[in-house]
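Enquirer: Here's a structure for you.
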Amino acid sequence: MDLLPPVRLTLAHVPTPLEPLTRLPALGGAEVWIKRDDLTGVALSGNKVRKLEFLAADALERGADTLITCGAVTSNHARATAVVAARLGLRAHLVLRGEDERPRRGNLLLDTVLGASLQFITTEQWRDRDAIMADVAERLAAEGRRGYVIPEGGSNHLGAMGYAIEVGELLAQEEELGLRISRI
Numbered sequence: 013m014d015l016l017p018p019v020r021l022t023l024a025h026v027p028t029p030l031e032p033l034t035r036l037p038a039l040g041g042a043e044v045w046i047k048r049d050d051l052t053g054v055a056l057s058g059n060k061v062r063k064l065e066f067l068a069a070d071a072l073e074r075g076a077d078t079l080i081t082c083g084a085v086t087s088n089h090a091r092a093t094a095v096v097a098a099r100l101g102l103r104a105h106l107v108l109r110g111e112d113e114r115p116r117r118g119n120l121l122l123d124t125v126l127g128a129s130l131q132f133i134t135t136e137q138w139r140d141r142d143a144i145m146a147d148v149a150e151r152l153a154a155e156g157r158r159g160y161v162i163p164e165g166g167s168n169h170l171g172a173m174g175y176a177i178e179v180g181e182l183l184a185q186e187e188e189l190g191l192r193i194s195r196i
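Every position in the sequence shown, counted from 1, becomes a number in the working numbering once 12 is added.
Right, dumping it as structure tokens:
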């Protein structure tokens, strides 16, 4: 068993601040703090970049030139993947559940501006999204390129490492601020 930590890129500005939500105690007496992952500093990627630090590092280690992932047309994960791909000089291919909209707005507009290839699929096709992404990777391989498939939401063992790191950050902040965190 390999116990070495996986390769990680440094993409996010971390640790992100832990700040109190001062108005909530008046609503119920609980002291609530928020981990400000909206301040990771990676073009609208928020907490999604934490997973992508590990996934994109693995993609580069494997010689990938294209990140392939999926999500709804409004997916923050898909947009974050397009942001990271552009930042690293890679291509992005996004398999998106839903219809193309014109004019494009929100994440779909940003995906386009970032140069991602967009593939729209129906709700019925969505159940086959993993096979569809594998087909994209095979098609790229036939063209002499190398795709790297990132599962929906970046949710696998490598992606989870980003949140394991965040828990360590949170525990250090808890100690530094003299807090006792009872729920996350």
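Glycine residues also receive a C-beta, built at the ideal position from the N, C-alpha and C atoms.
On a predicted model such as this, the values are computed, not experimentally measured, just so you know.
Less than 8 Å between the beta carbons of V148 and V107, yes or no?
Expert: Within the sequence shown, residue 148 is the residue found at index 136, counting from 1. Within the sequence shown, residue 107 is the residue found at index 95, counting from 1. The answer is yes: Cβ separation under 8 Å.
Enquirer: Could you give the DSSP three-state label for T135: helix, strand or coil?
Expert: Your numbering for residue 135 matches position 123 in the sequence shown. If DSSP states are grouped into helix, strand and coil, T135 belongs with the helices.
Enquirer: Out of E111, L30, D77, I162, which has the shortest C-alpha to C-alpha gap to L182?
Expert: One-based indexing of the sequence shown puts residue 182 at position 170. Ranking the options by Cα distance to L182, first place goes to L30.
Enquirer: Go ahead and label H105 buried or exposed: buried means 16 or more other beta carbons lie within 10 angstroms of its beta carbon, across all protein chains shown.
Expert: By 1-based counting over the sequence shown, the position of residue 105 is 93. Label assigned to H105: buried.
Enquirer: Per the DSSP calculation, L130 is bridged to which residue(s)?
Expert: Within the sequence shown, the letter at position 118 stands for residue 130. Answer by DSSP bridge pairing, in chain order: L106.
Enquirer: Determine the contact status of S87 and N59, defining contact as a CB-CB distance below 8 Å.
Expert: For the purposes of this step, residue 87 is taken as residue 75 along the sequence shown, with counting starting at 1. For the purposes of this step, residue 59 is taken as residue 47 along the sequence shown, with counting starting at 1. In this structure, N59 does not lie closer than 8 Å to S87 by Cβ.
Enquirer: Quick check: the segment 111-126 against the segment 44-53, are there 3 or more CB pairs under 8 Å?
Expert: The segment 111-126 is not in contact with the segment 44-53.
Enquirer: Along the alpha helix (DSSP H) that carries G159, what are the first and last residues, could you check?
Expert: As a position in the sequence shown, residue 159 is number 147, starting the count at 1. Per DSSP, G159 belongs to no alpha helix (DSSP H); it is in the beta strand (DSSP E), 159-161.
Enquirer: Roughly how many angstroms separate the alpha carbons of R35 and Y175, rounded to a whole number?
Expert: In the sequence shown, counting from the first residue as 1, residue 35 sits at position 23. In the sequence shown, counting from the first residue as 1, residue 175 sits at position 163. Rounded to whole angstroms, R35 to Y175 spans 27 Å at the Cα level.
Enquirer: Which value, in whole angstroms, describes the spacing of the CA atoms of Q185 and L23?
Expert: Mapped onto the sequence shown, residue 185 falls at position 173. Mapped onto the sequence shown, residue 23 falls at position 11. For Q185 and L23, the distance between alpha carbons rounds to 20 Å.
Enquirer: Look up E43 in the DSSP assignment and say whether it is helix, strand or coil.
Expert: Counting from one through the sequence shown, the residue named residue 43 turns up at place 31. Residue state, collapsed to three classes: coil.
Enquirer: Since L79 is in the beta strand (DSSP E), which residue starts that stretch and which ends it?
Expert: What you label residue 79 is simply residue 67 of the sequence shown in a count that begins at 1. Unbroken beta strand (DSSP E) run through L79: 78-84.
Enquirer: A71 to G40, Cα distance in whole Å?
Expert: Here residue 71 refers to the residue found at position 59 when the sequence shown is read from its first residue. Here residue 40 refers to the residue found at position 28 when the sequence shown is read from its first residue. Cα to Cα, A71 sits roughly 46 Å from G40.
Enquirer: What is the DSSP secondary structure of E111, counted as helix, strand or coil?
Expert: Taking the first residue of the sequence shown as 1, we reach residue 111 at position 99. In this structure, E111 counts as coil in the three-state DSSP scheme.
Enquirer: Assuming R91 and W138 are in contact, meaning their beta carbons sit under 8 Å apart, how far apart are those beta carbons, in whole angstroms?
Expert: Start at 1 with the first residue of the sequence shown, and residue 91 comes out as number 79. Start at 1 with the first residue of the sequence shown, and residue 138 comes out as number 126. At roughly 18 Å, the Cβ-Cβ gap does not stay under 8 Å, so R91 and W138 are not in contact.
Enquirer: Could you work out which residue in A154, E155, A153, D112 is closest to L134 when comparing CA atoms only?
Expert: The residue labelled residue 134 in the question sits at position 122 within the sequence shown. The sequence given here has Thr at residue 134, not Leu. Cα-wise, what sits closest to T134 is D112.
Enquirer: At which residues does the alpha helix (DSSP H) containing E188 begin and terminate?
Expert: The count along the sequence shown starts at 1 and reaches residue 188 at position 176. Looking at the DSSP string, the run of the alpha helix (DSSP H) that includes E188 is 169-189.
Enquirer: Have a look at A69, E73, R99, L64 and flag the residue whose alpha-carbon is nearest the alpha-carbon of H89.
Expert: Your numbering for residue 89 matches position 77 in the sequence shown. That would be L64, whose Cα lies nearest to the Cα of H89.
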